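Taking it in order: structure first as structure tokens, then the write-up.
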Amino acid sequence: MTDMAAPDVPPASNIGPDAIEGRSLWQDAWRRLMRNKAAVASLIILGLIAFFSVFGPYALAWTYDQIDWDHVEAVPPSLALKHYLGTDSVGRDLLARTLFGGRVSLTVGLLATSVALFIGVTVGAVSGYLGGKVDQLLMRFVDLMYSVPLTFFVIILMVLFGRNFILMFLAIGSVEWLTMARIVRGQTLTLKHREFMEAARASGGSTASILIRHVVPNVLGVVIVYVTLTIPQVILLESFLSFLGLGVQEPMTSWGVLINEGAAELEITPRTLIVPAVFMTATLFCLNFLGDGLRDALDPKDR
Amino acid sequence: MTAPLLQVKDLKVHFPVRTGGVVIGRYQALRAVDGVSFDLAPGETLGIVGESGCGKTTLGRAVLQLLPVTSGAVTWLGQEMTGLGAAAVKAAREHMQIVFQDPLASLDPRMTAGDIIAEPLRNYHPELSRAEVTRRVGELMEQVGLLPAMVNRYPHEFSGGQCQRIGIARAMILKPKLVICDEPVSALDVSVRAQVVNLLKDLQKTFGLAMLFISHDLAVVRHISDRVLVLYLGKAMELATRESLYQAPRHPYTRALMSAVPIPDPVKERAKPRIILAGDLPSPLDPPSGCVFRTRCPKATAVCAAKEPVRETSAHGHDVWCHHWRE
Ligand code: SF4
Chain A
0 MTDMAAPDVP PASNIGPDAI EGRSLWQDAW RRLMRNKAAV ASLIILGLIA FFSVFGPYAL
60 AWTYDQIDWD HVEAVPPSLA LKHYLGTDSV GRDLLARTLF GGRVSLTVGL LATSVALFIG
120 VTVGAVSGYL GGKVDQLLMR FVDLMYSVPL TFFVIILMVL FGRNFILMFL AIGSVEWLTM
180 ARIVRGQTLT LKHREFMEAA RASGGSTASI LIRHVVPNVL GVVIVYVTLT IPQVILLESF
240 LSFLGLGVQE PMTSWGVLIN EGAAELEITP RTLIVPAVFM TATLFCLNFL GDGLRDALDP
300 KDR
Chain B
0 MTAPLLQVKD LKVHFPVRTG GVVIGRYQAL RAVDGVSFDL APGETLGIVG ESGCGKTTLG
60 RAVLQLLPVT SGAVTWLGQE MTGLGAAAVK AAREHMQIVF QDPLASLDPR MTAGDIIAEP
120 LRNYHPELSR AEVTRRVGEL MEQVGLLPAM VNRYPHEFSG GQCQRIGIAR AMILKPKLVI
180 CDEPVSALDV SVRAQVVNLL KDLQKTFGLA MLFISHDLAV VRHISDRVLV LYLGKAMELA
240 TRESLYQAPR HPYTRALMSA VPIPDPVKER AKPRIILAGD LPSPLDPPSG CVFRTRCPKA
300 TAVCAAKEPV RETSAHGHDV WCHHWRE
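So the sequence lines, in the order shown, correspond to chains A and B. Numbering that gives the first Met the number 0 numbers the first residue of the first sequence as 0 and each following residue consecutively. Numbering that gives the first Met the number 0 numbers the first residue of the second sequence as 0 and each following residue consecutively.
Here is the structure:
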């Protein structure tokens with residue numbers, strides 16, 4: 000009786016040449032995001048900050064570690080000396096340092112967060128969806144990791160592998176994914192008992208395809224908001240590690256480090272605090288707007 | 000008679016329920032389905048009726064192996080399904096699909112109608128081209144009464160009836176041999192119920208489907224079923240052809256259910272004897288001894304408490320599980 004499904008049915012003419020192309024959630028989300036003015040503006044500003052951080056230092060007369068030996072002191076902004084935003088207390092160009100610091104901070108923020116996002120979502124979704132022993136095992140491991148103090152963990156890593164930049168991503172990422180995993184697991188648990196998950200199983204979906212097609216898109220809204228909170232956290236964490244001498248080292252710098260130094264000199268040269276702080280706050284603001292925009296864009300109910 | 004498509008034999012589904020214990024839980028078996036048997040021929044519709052909590056939904060899920068079966072056999076096309084590995088179950092499920100009760104909840108809110116309908120096809124036939132999938136989805140959408148132009152809409156943009164049509168289309172896209180309809184219309188407005196039931200009937204004719212139609216609505220079941228199985232507390236009470244069951248119900252429980260269905264004629268409706276069932280459904284954690292219906296049965300006697308009734312078959316193959324059905 001299934002032979003009425005003979006494969007040689009003529010193509011349904013009634014659909015016509017203008018058959019509507021199927022669109023995916025991602026295409027729809029992108030269109031919705033582009034309609035959100037705050038998100039688009041944030042995206043542009045973030046793009047500019049990233050662009051200048053990467054390419055800006057090449058265009059400047061001074062490099063980040065170059066000391067202006069004629070003026071080993073805080074020089075106020077001066078076009079003649081090509082210190083457009085002045086120098087810090089030892090005569091290094093503030094703009095160059097801020098832009099270079101942006102490179103470090105943005106890279107750490109992006110990479111560490113991507114690591115956290117990837118591990119956290121995978122572990123959380125698998126743990127929540129499979130449940131039982133796997134869940135117990137993974138969550139106890141998360142608890143264990145939580146109980147290890149971060150600085151202690153980083154010091155161990157440093158001792159074992161020597162100090163390097165990549166290690167910092169690893170250390171920060173390996174701490175940040177824990178919360179992500181818990182959030183995703185919680186979301187997955189509530190999703191798991193929805194009828195459409197059962198429908199997905201009934202229609203022959205494998206565990207992997209259900210996780211990718213149903214679980215991940217449905218937890219993404221929450222995850223993205225958390226990501227926009229994680230990036231600033233990571234940037235600050237990096238400055239904390241640097242302060243302890245475990246992160247980036249002089250003359251290398253990052254926004255966190257610059258703000259730290261600037262805060263110490265607040266009364267003498269407030270601009271050493273203000274310049275990096277403006278860059279960082281702008282980035283964080285934009286990330287928040289972008290995160291909200293993405294969350295709304297990924298929710299089909301929000302047209 | 001053709002070989003049965005599906006054979007269910009003495010199917011039991013028990014869930015462990017924690018009933019006490021602080022550190023080490025004490026568990027008791029909740030007998031959701033407790034020894035149900037039936038056959039289903041190709042193209043046939045078996046209605047399954049009963050109050051909510053009688054195990055009819057569990058029965059449907061167990062046939063599909065969506066739930067672990069405690070004991071008993073589900074034989075699909077001559078192949079025993081219980082205890083099969085995941086891959087074999089998946090292969091068997093290609094020809095048995097399910098339509099769910101809550102139309103909106105059974106659709107992923109972040110997928111478009113087109114993707115939802117295409118999903119089984121992508122799972123079972125990943126080799127099909129995009130164009131072919133789109134074509135089949137469009138074709139089917141028309142068959143279930145949806146405009147193909149709606150492929151890019153999300154579930155929340157559809158009405159309940161339309162959502163259920165999407166759910167039906169998803170179940171039909173693989174051209175299955177059996178569709179389990181789990182209360183497919185009880186969440187819908189009365190005005191669209193008939194449309195959806197008729198749609199199911201039409202599809203059944205076009206595709207030569209067999210159906211398990213699970214519902215608590217006797218009128219709908221009467222409209223669509225060839226045979227009807229009455230369940231109470233996880234056990235079969237009566238199994239008969241539609242005509243035989245609706246004209247001459249034998250089991251006291253079936254009679255009580257029937258008497259609760261209003262007749263659209265006020266004179267007859269008032270004259271009709273009503274059997275009111277006393278009390279609530281007993282807990283499936285602790286079912287009554289003997290006949291499970293005895294706590295509410297107007298005809299119960301001592302023997303009902305002592306002995307569990309076995310299947311007795313009247314003329315015309317009308318099966319009843321009751322000690323006193325002849326009276
Ligand atoms: S066996 Fe007894 S209690 Fe059960 S339905 Fe028949 S008469 Fe009622």
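Virtual Cβ for every residue (Gly too), placed ideally from N, Cα, C. Only a predicted model underlies this, so the values are computations on that prediction, with no experimental measurement involved.
Check your understanding: What is the rounded straight-line gap between the Cα of K55 of chain B and the Cα of A281 of chain A?
Key -> For this step, residue 55 of chain B is matched to residue 56 along the second sequence. For this step, residue 281 of chain A is matched to residue 282 along the first sequence. If you take the alpha carbons of K55 of chain B and A281 of chain A, they lie about 59 Å apart.
Exercise for review: Below 8 Å CB to CB, which residues in the same chain sit around A4 of chain A once its five sequence neighbours on both sides are set aside?
Suggested key: In the first sequence, residue 4 of chain A corresponds to position 5, counting from 1. Low per-residue confidence applies at A4 of chain A: pLDDT is 37, beneath 50, and the placement is therefore not dependable, though the value from the model is reported in the following sentence. Nothing listed; no residue qualifies.
Check your understanding: Who are the Cβ neighbours of Y245 of chain B in its own chain at under 6 Å, not counting the five residues just before and after it?
Key -> Along the second sequence, read from residue 1 onward, the residue named residue 245 of chain B stands at position 246. Here the set comprises R221.
**Study point:** Backbone secondary structure at G15 of chain A - three-state DSSP
**Key:** On the first sequence, residue 15 of chain A is found 16 positions in, with the first residue counted as 1. With a pLDDT of 40 at G15 of chain A, under the threshold of 50, the modelled position of this residue cannot be trusted; read the value that follows with caution. Looking at G15 of chain A - three-state DSSP - the assignment turns out to be coil, as it is neither helix nor strand.
Practice item. Could you tell me if T227 of chain A is buried or exposed, where buried requires 16 or more neighbouring beta carbons within 10 angstroms of its beta carbon? Key: Counting from one through the first sequence, the residue named residue 227 of chain A turns up at place 228. Buried.
Review point. Checking contacts by CB at 7 Å: is K204 of chain B closer than that to chain A?
Key: Taking the first residue of the second sequence as position 1, residue 204 of chain B is located at position 205. No, K204 of chain B does not count as interfacial toward chain A.
Exercise for review: State buried or exposed for F37 of chain B, treating a residue as buried only when at least 16 other CB atoms are found within 10 Å of its CB.
Suggested key: Numbered from 1 along the second sequence, position 38 holds the residue referred to as residue 37 of chain B. Its Cβ being crowded by 16 or more others within 10 Å, F37 of chain B is buried.
Review point. Comparing the CB of F117 of chain A with every heavy atom of the ligand SF4, is any distance shorter than 6 Å?
Key: On the first sequence, residue 117 of chain A is found 118 positions in, with the first residue counted as 1. Not so, every heavy atom of the ligand SF4 lies at least 6 Å from the Cβ.
Practice item. Decide if V222 of chain A is buried, meaning its Cβ has at least 16 other Cβ atoms within 10 Å, or exposed. Key: The count along the first sequence starts at 1 and reaches residue 222 of chain A at position 223. So V222 of chain A ends up on the buried side.
Exercise for review: Spell out whether any CB of chain B is found under 7 Å from the CB atom of M0 of chain A.
Suggested key: To locate residue 0 of chain A, count along the first sequence from 1; it is residue 1. Unreliable placement is indicated for M0 of chain A, whose pLDDT of 36 sits below 50; the coordinate value is still reported in the next sentence. Taking Cβ atoms only, chain B reaches closer than 7 Å to M0 of chain A, which makes this a yes.
Exercise for review: With DSSP as the reference, label Y83 of chain A as helix, strand or coil.
Suggested key: For this step, residue 83 of chain A is matched to residue 84 along the first sequence. Correct three-state label for Y83 of chain A: coil.
Point to revise | DSSP state of P6 of chain A mapped onto helix, strand, coil | key: As a first step, residue 6 of chain A is located in the first sequence; it is residue number 7 there, counting from the start. Legend: pLDDT at P6 of chain A = 38, less than 50; position of this residue unreliable, no value from coordinates given.
Exercise for review: Give me the Cα-Cα distance between G255 of chain A and I230 of chain A, rounded to the nearest whole angstrom.
Suggested key: What you label residue 255 of chain A is simply residue 256 of the first sequence in a count that begins at 1. What you label residue 230 of chain A is simply residue 231 of the first sequence in a count that begins at 1. Approximately 13 Å between the Cα atoms of the pair.
**Study point:** CB contact check: R294 of chain A to chain B, cutoff 7 Å
**Key:** Position 295 of the first sequence, counted from the start, is the residue given in the question as residue 294 of chain A. With 7 Å as the cut-off, R294 of chain A does not count as an interface residue toward chain B.
Practice item. Run the proximity test for A235 of chain B: is its beta-carbon closer than 6 Å to any non-hydrogen atom belonging to the ligand SF4? Key: Walking along the second sequence from the start, residue 235 of chain B turns up at place 236. It does not: the Cβ of A235 of chain B is nowhere closer than 6 Å to a heavy atom of the ligand SF4.
Check your understanding: Going by C-alpha distance, which of A:R181, A:T86, A:Q186 and A:L59 is nearest W68 of chain A?
Key -> In the first sequence, residue 68 of chain A corresponds to position 69, counting from 1. Out of A:R181, A:T86, A:Q186 and A:L59, A:T86 has the C-alpha closest to the C-alpha of W68 of chain A.
Point to revise | D107 of chain B: contacting residues in chain A (beta-carbon distance under 9 Å) | key: Counting from 1 along the second sequence, the entry for residue 107 of chain B is found at position 108. What D107 of chain B touches in chain A: R193, F195, M196, A198, A199, R212, H213, P216 and N217.
Practice item. Return helix, strand or coil for S70 of chain B, following the three-state DSSP convention. Key: For the purposes of this step, residue 70 of chain B is identified with residue 71 of the second sequence, where counting begins at 1. Looking at S70 of chain B - three-state DSSP - the assignment turns out to be strand.
Exercise for review: Kindly examine the ligand SF4 and report whether one of its heavy atoms sits closer than 6 Å to the Cβ of C53 of chain B.
Suggested key: Position 54 of the second sequence, counted from the start, is the residue given in the question as residue 53 of chain B. Not so, every heavy atom of the ligand SF4 lies at least 6 Å from the Cβ.
Practice item. Note down the Cα distance separating Q161 of chain B from S202 of chain A, rounded to an integer number of angstroms. Key: Mapped onto the second sequence, residue 161 of chain B falls at position 162. Mapped onto the first sequence, residue 202 of chain A falls at position 203. About 19 Å.
Review point. The ligand SF4 heavy atoms versus the CB of A90 of chain B: any closer than 6 Å?
Key: In the second sequence, counting from the first residue as 1, residue 90 of chain B sits at position 91. A90 of chain B Cβ: outside cutoff for every heavy atom of the ligand SF4.
Review point. Along chain A, in chain order, which residues have C-beta atoms closer than 7 Å to that of M171 of chain B?
Key: Sequence index remark: in the second sequence, residue 171 of chain B carries index 172 (1-based). By Cβ distance, chain A contributes nothing, its closest Cβ being about 11 Å from M171 of chain B, past 7 Å.
Practice item. Name, please, each residue of chain A whose Cβ falls closer than 8 Å to the Cβ of E118 of chain B. Key: Here the question's residue 118 of chain B lines up with position 119 in the second sequence. Ordered by position in chain A, the residues that pass the 8 Å Cβ test against E118 of chain B are A199, S202, G204 and R212.
Practice item. Pull up the CB-CB distance for L202 of chain B and L208 of chain B, whole angstroms please, since I reckon it's below 8 Å. Key: Counting from 1 along the second sequence, the entry for residue 202 of chain B is found at position 203. Counting from 1 along the second sequence, the entry for residue 208 of chain B is found at position 209. Contact flag correct, Cβ pair sits at about 7 Å.
Practice item. State the Cα-Cα distance for the pair M179 of chain A and K191 of chain A, rounded to the nearest angstrom. Key: Position 180 of the first sequence, counted from the start, is the residue given in the question as residue 179 of chain A. Position 192 of the first sequence, counted from the start, is the residue given in the question as residue 191 of chain A. Approximately 18 Å, taken between the alpha carbons.
Review point. Counting pairs of Cβ atoms below 8 Å between the stretch 93–105 of chain B and the stretch 155–174 of chain B, do you hit three or more?
Key: yes
Review point. Do you know offhand how far L63 of chain B's Cα is from V309 of chain B's?
Key: The sequence position of residue 63 of chain B within the second sequence is 64, counting from 1. The sequence position of residue 309 of chain B within the second sequence is 310, counting from 1. Going by the C-alpha atoms only, they are around 27 Å apart.
Review point. Is it buried or exposed for T150 of chain A, if we count other Cβ within 10 angstroms and need 16 for buried?
Key: As a first step, residue 150 of chain A must be located in the first sequence, where it is residue number 151. Its Cβ having fewer than 16 others within 10 Å, T150 of chain A is exposed.
Review point. Between R293 of chain B and the ligand SF4, is the CB less than 6 Å from at least one heavy atom?
Key: Translated into positions along the second sequence, residue 293 of chain B becomes position 294. Indeed, a heavy atom of the ligand SF4 lies less than 6 Å from the Cβ.
Exercise for review: Give the secondary structure of T1 of chain A by DSSP, where H, G and I count as helix, E and B as strand, and everything else as coil.
Suggested key: To locate residue 1 of chain A, count along the first sequence from 1; it is residue 2. Bear in mind that a pLDDT of 37 at T1 of chain A, under 50, signals an unreliable position, so the model cannot answer this.
Practice item. Examine the ligand SF4 and report whether any of its heavy atoms sits within less than 6 Å of the Cβ of K298 of chain B. Key: Residue mapping note: residue 298 of chain B aligns to position 299 of the second sequence, counting from 1. Flag set: Cβ of K298 of chain B near the ligand SF4.
Check your understanding: Do Q209 of chain A and A199 of chain A have their CB atoms nearer than 7 Å?
Key -> Position 210 of the first sequence, counted from the start, is the residue given in the question as residue 209 of chain A. Position 200 of the first sequence, counted from the start, is the residue given in the question as residue 199 of chain A. Note that residue 209 of chain A is Ile in the sequence shown, not Gln. Cβ distance < 7 Å, so I209 of chain A and A199 of chain A count as in contact.
**Study point:** Contact residues within the stretch 76–99 of chain B, judged by C-beta distance below 7 Å to chain A
**Key:** K89, R92, E93, Q96, I97 and F99
Review point. Who pairs with C180 of chain B in a beta bridge, going by DSSP?
Key: Sequence index remark: in the second sequence, residue 180 of chain B carries index 181 (1-based). DSSP lists B:V98 and B:F212 as partners of C180 of chain B.
Point to revise | K300 of chain A: contacting residues in chain B (beta-carbon distance under 8 Å) | key: Taking the first sequence and counting its residues from 1, the one referred to as residue 300 of chain A is at position 301. Going along chain B in sequence order, the residues near K300 of chain A (Cβ under 8 Å) are P108, Y153 and H155.
Check your understanding: What are the start and end residues of the alpha helix (DSSP H) that includes Y123 of chain B?
Key -> Position 124 of the second sequence, counted from the start, is the residue given in the question as residue 123 of chain B. It spans A112 to Y123 - the alpha helix (DSSP H) in which Y123 of chain B sits, taken as one unbroken run.
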